[in-house]
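S.K.: Right, I'll just put the structure down here and ask away after.
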Amino acid sequence: MDRRRFLTVLGATGGAAAAVSACGIGPEPTEHLVPYVIPPENQVPGVATYYATTCRECTAGCGLHAKVREGRVIKLEGNPDSPINQGRLCARGQAALQGLYNPDRVTDPMARTATGEWQKLTWDEAIGRLAAQVKAARGKGIVFVTGLETGSFGDLVDAWMRETGGRHVTYEPFAFEALREGNRLAFGTPAIPWYDFAAARYIVSFGADFMETWLSPVGYQNAFTHAHAFQTGRAAPPAKFVYVGPRLSLTGMSADEWIAPVPGSEGLLALAMAQVIVAGRRAPLPADAARLRGLLAAHAPEKVAAAVGIAASDITRLAREFAASQGGLAVAGGVAAQYPNGAEIVAAVDILNYVAGQVGKTVKFGPNHGLGQAGSFKQLGDLVADLSGGKVALLLVQGANPVHTLPGTFSQALGHVGFKVSFSPYWDETTAAADLVLPDLHPLEQWNDSRPRAGLYALQQPVMQPVFPNALAAGDVLLRAAGKAGTFKDYVQGRWHELHQRFGKGRDFEQFWNDALQHGGIYTDAATQTVRLGPRIEQLGAGVAGAPGAADKLPLVVFPSLALHDGRGANKPWLQELPDPVSKITWHAWVELHPETAAKWQLANGDILLLKSPHGAVRAPVWITPGIRPDVLAVPTGQGHKAYGRYAK
Ligand code: SF4
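The sequence shown begins at 24 in our numbering and counts up by one.
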């Protein structure tokens, strides 16, 4: 380029820049680079540092490795030391970064004024107001709602509530209550066992979407791959996988065979399979299985085939294959447990595992999921009744967004609560309804621990300085409000001194603590426990069949979104733009419809449907797919936010 041409281009570029600037789209404002006069600990410019911590995007408790450059976490990967996820991570775990750096986080403590405006507070003012509200509400009803907290924070809340005369309610939208209740019916325990997919030779999932959101999806997906994938040199042929459910999820799409029974009849199918195994003596029966004789005789394949909508010969074939594999694993508690008879369906599936001799082999009670400690619908129902009845003077919420995830009765009941406090990093629906907002740190910025499975103690540590420096860990706020000395990290460490007594193996505490930090926690094996049939298992019969639905209405299956989960992923654009693996739809919900139903209703893809139930209404476009029964509609969870930031609304 000659000099004249160079100057011409330079002039044109300068003119264009001036024009853009005049339109108001100027260059980014000047920012100043700050040298590391006092660099963060363990940081060398240009060299990545890795920290082990725990994912809190769902209750599975997968181990994380956070890659940190120049004091900023830039990538998350699975921690290979964690027995839960063994180095793998799901999309929600990866996207936790966008929760951390989310532009719509709460940056300062805020209080609602008499005119409804938000007023910024200092932390001393905010904690003073919290302490004053607690003092005023003593004896008048204090309730602290948190997500599932199986470690130090949950213990701190329990202790604080005991001290103040309040109560702690644990609320998880996906708490698998039918699974817990079904296990109680079948075996007298509400514990959620560990399912050994890797050892299974024949897997039947009754609506349990273990590749997506069911219990511990990363761990189960990994184990399923071991059982089901073609691998050279494997000792046994790959396990067969049968999916039983009204619609094809990602898990269902991975199956070798899809069975779509009449919705709600899954328990009948499981009992009929159990009957074939027992009648044909196809597995060594536990001694107490004789108690099931009457129940199973009433559910022989020929007797239930019409109600299930599957030929008796197919039911018999499935049962024989299941027993012959000598490594059967039947799982339930997901979509198939949504019906009013969900617990009975789970109990029937438990019976199938039991008579096939698989309880204790592929179904292991003992290393139970921590989720078994989640609160119940009854506790929530009692809470809503107390809120509505004006029996709660102070409501505190942390790690949950019940205004979005519970029916409208919850938000209506909030109008009867004296004072509402939200500990949330985000302006979600519950925070928007609060009187005092105390911005919590993101899980990647704070200390905590959890017990995701019996025998596992997962540590959570701050992997970087807080993105918004005026946020404060809820644990520290509680300690300060209660006038206790020390930080929440001290509190966590105090509890780990107890673990040191048990698992120290001759190391001093500092060495023990550093080892745990490096590996993401302590991982021990919990012994497998024997379970026997529950005291009233013989009476299961009537409940398994369930009540028939109204003939003129289609059942609506609300399935958990792989990406958005219960809605907590909706503020992360990576998850919004991640195509659903089955429908390939992004950024919005949809209504799944079978082609026959669409033809009957003269609907095409993209037409907007209004779905109504006694609990609310949803408007969403139609997606027509043969992967659903003609007599069922399905919608994913996760969308429909009225707050929760720019990406969710
Ligand atoms: S399953 Fe995914 S979201 Fe849940 S803890 Fe594991 S990585 Fe996190």
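A virtual CB, placed ideally from N, CA and C, is assigned to each residue, including glycine.
Less than 7 Å between C-beta atoms, sequence neighbours within five positions excluded: which residues of the same chain meet that for alanine 231?
M.R.: So the qualifying residues of the chain are Trp237, Val354, Ala355, Gly356 and Gly357.
S.K.: Could you pull the start and end residues of the alpha helix (DSSP H) that histidine 542 belongs to?
M.R.: Histidine 542 -> alpha helix (DSSP H) spans 532-542.
S.K.: State the start and end residues of the unbroken alpha helix (DSSP H) segment that holds asparagine 206.
M.R.: Segment 200-210, the alpha helix (DSSP H) holding asparagine 206.
S.K.: Flag this pair as touching only if the stretch 635-646 and the stretch 604-615 have three or more C-beta atom pairs under 8 Å; answer yes or no.
M.R.: At 8 Å Cβ cutoff, the stretches touch.
S.K.: Classify histidine 16: buried if its beta carbon has 16 or more other beta carbons within 10 angstroms, exposed otherwise.
M.R.: Outside the shown range of the chain (24 to 672) lies residue 16, about which nothing can therefore be said.
S.K.: Indicate the three-state DSSP secondary structure (helix, strand or coil) for aspartate 472 in the structure shown.
M.R.: It is a strand residue.
S.K.: To the nearest angstrom, report how far apart leucine 120 and lysine 623 are at their CA atoms.
M.R.: Distance between the alpha carbons of leucine 120 and lysine 623 is about 45 Å.
S.K.: Identify every run of the beta strand (DSSP E) within the stretch 108-133, keeping only runs that are complete inside it and at least 3 residues long; order them along the chain.
M.R.: Those beta strand (DSSP E) runs which fall completely within the stretch 108-133 and span 3+ residues do not exist here.
S.K.: List the whole-angstrom C-beta distance separating tyrosine 218 from tyrosine 243, where the pair is believed to meet the contact cut-off of C-beta under 8 Å.
M.R.: Yes, they are in contact, since the Cβ atoms of tyrosine 218 and tyrosine 243 sit about 7 Å apart, within 8 Å.
S.K.: What are the start and end residues of the beta strand (DSSP E) that includes histidine 88?
M.R.: Per DSSP, histidine 88 belongs to the beta strand (DSSP E) from 86-92.
S.K.: So if DSSP puts glutamine 562 in a beta bridge, which residue, or which two residues, is it bridged to?
M.R.: Bridge partners of glutamine 562: none, in fact.
S.K.: Looking at the secondary structure, which residues open and close the beta strand (DSSP E) in which serine 636 lies?
M.R.: Residues 631-636.
S.K.: As a quick check of your reading: which residues have a C-beta less than 6 Å from at least one non-hydrogen atom of ligand 1, in chain order?
M.R.: With the cut-off at 6 Å, the residues found are Cys78, Glu80, Cys81, Ala83, Gly84, Cys85, Asn108, Leu112, Cys113, Arg115, Gly116, Pro240 and Val241.
S.K.: Enumerate, from N- to C-terminal direction, the unbroken alpha helix (DSSP H) stretches of 4 or more residues contained entirely within the stretch 433-508.
M.R.: Entirely contained in the stretch 433-508, the alpha helix (DSSP H) runs reaching 4 residues are, in chain order, 452-455 and 497-504.
S.K.: Going by beta-carbon coordinates alone, are arginine 203 and proline 213 separated by less than 8 Å?
M.R.: Contact flag set, yes.
S.K.: In the DSSP assignment, find the unbroken alpha helix (DSSP H) run with alanine 366 in it and report its ends.
M.R.: Here the alpha helix (DSSP H) through alanine 366 covers 365-378.
S.K.: Tell me, please, whether the stretch 442-457 touches the stretch 416-425 by the rule of three or more beta-carbon pairs shorter than 8 Å.
M.R.: Cβ pair count under 8 Å is three or more, so yes.
S.K.: Could you work out which residue in Val515, Pro284, Phe220 and Arg305 is closest to valine 386 when comparing CA atoms only?
M.R.: Measuring from the Cα of valine 386, the nearest candidate turns out to be Phe220.
S.K.: Alpha carbon to alpha carbon, how far is arginine 79 from alanine 114?
M.R.: Roughly 13 Å separates the two Cα atoms.
S.K.: Going along the chain, which residues of its own chain have a beta-carbon closer than 6 Å to the beta-carbon of glycine 332, five neighbours each way excluded?
M.R.: These residues qualify, in order along the chain: Pro284 and Val285.
S.K.: Is the Cβ-Cβ distance between glutamate 452 and histidine 638 less than 8 Å?
M.R.: Contact: no.
S.K.: Run the CB neighbour count on methionine 276, radius 10 Å, all protein chains shown included, and call it buried at 16 or more, exposed below.
M.R.: Classification of methionine 276: exposed, given that the 10 Å Cβ count is below 16.
S.K.: Per DSSP, which residues does serine 228 bridge with? Please list them.
M.R.: Answer by DSSP bridge pairing, in chain order: Tyr266 and Val354.
S.K.: Helix, strand or coil for valine 655, going by three-state DSSP, please let me know.
M.R.: The answer is coil: DSSP assigns valine 655 none of H, G, I, E or B.
S.K.: Which same chain residues, not among the five before or five after proline 649, have their C-beta less than 7 Å away from its C-beta?
M.R.: Closer than 7 Å at Cβ, skipping near neighbours: His617 and Pro618.
S.K.: Cβ atoms of arginine 270 and valine 655: under 8 Å apart, would you say?
M.R.: Contact flag set, yes.
S.K.: Give a yes or no on contact between the stretch 309-327 and the stretch 166-183, applying the rule of three or more CB pairs nearer than 8 Å.
M.R.: As far as the Cβ criterion goes, the stretch 309-327 does not touch the stretch 166-183, which means the pair count is below three.
S.K.: Would you mind sorting asparagine 65 into buried or exposed? The rule is 16 or more other CB atoms within 10 Å of its CB.
M.R.: Answer is exposed; the Cβ neighbour count stays below 16.
S.K.: According to DSSP, is proline 596 part of a helix, a strand, or is it coil?
M.R.: Helix at proline 596.
S.K.: So who's on the other strand from histidine 392, going by DSSP bridges?
M.R.: Histidine 392 pairs with Arg476.
S.K.: Can you find the residues in the same chain that come closer than 7 Å, C-beta to C-beta, to alanine 550, ignoring five residues on each side of it along the sequence?
M.R.: Result list for alanine 550: Gly389, in chain order.
S.K.: Just to check my reading of the structure: isoleucine 545 and phenylalanine 526 have Cβ atoms closer than 8 Å, yes? What is that Cβ distance to the nearest angstrom?
M.R.: So it is a contact: roughly 5 Å between Cβ atoms.
S.K.: Below 8 Å CB to CB, which residues in the same chain sit around isoleucine 48 once its five sequence neighbours on both sides are set aside?
M.R.: Because the pLDDT at isoleucine 48 is just 48, under 50, the model does not fix this residue reliably, and the value given afterwards should be weighed accordingly. Result list for isoleucine 48: empty, nothing under 8 Å.
S.K.: Since alanine 370 and alanine 209 are thought to touch, with beta carbons under 8 Å apart, how far apart are those beta carbons, to the nearest angstrom?
M.R.: Sure, about 4 Å apart at Cβ, within 8 Å.
S.K.: Give me, in chain order, the residues of the same chain whose beta-carbon lies closer than 8 Å to that of glycine 37; leave out the 5 immediate sequence neighbours on both sides.
M.R.: Model confidence at glycine 37 stands at a pLDDT of 40, short of 50, so the residue's coordinates are unreliable; what they give is reported in the following sentence. Closer than 8 Å at the Cβ level, and outside the excluded window around glycine 37, lies no residue.
S.K.: Assign leucine 633 to buried or exposed, taking buried as 16 or more other Cβ atoms, counted over all protein chains shown, within 10 Å of its Cβ.
M.R.: The residue is exposed, with fewer than 16 neighbouring Cβ atoms inside 10 Å.
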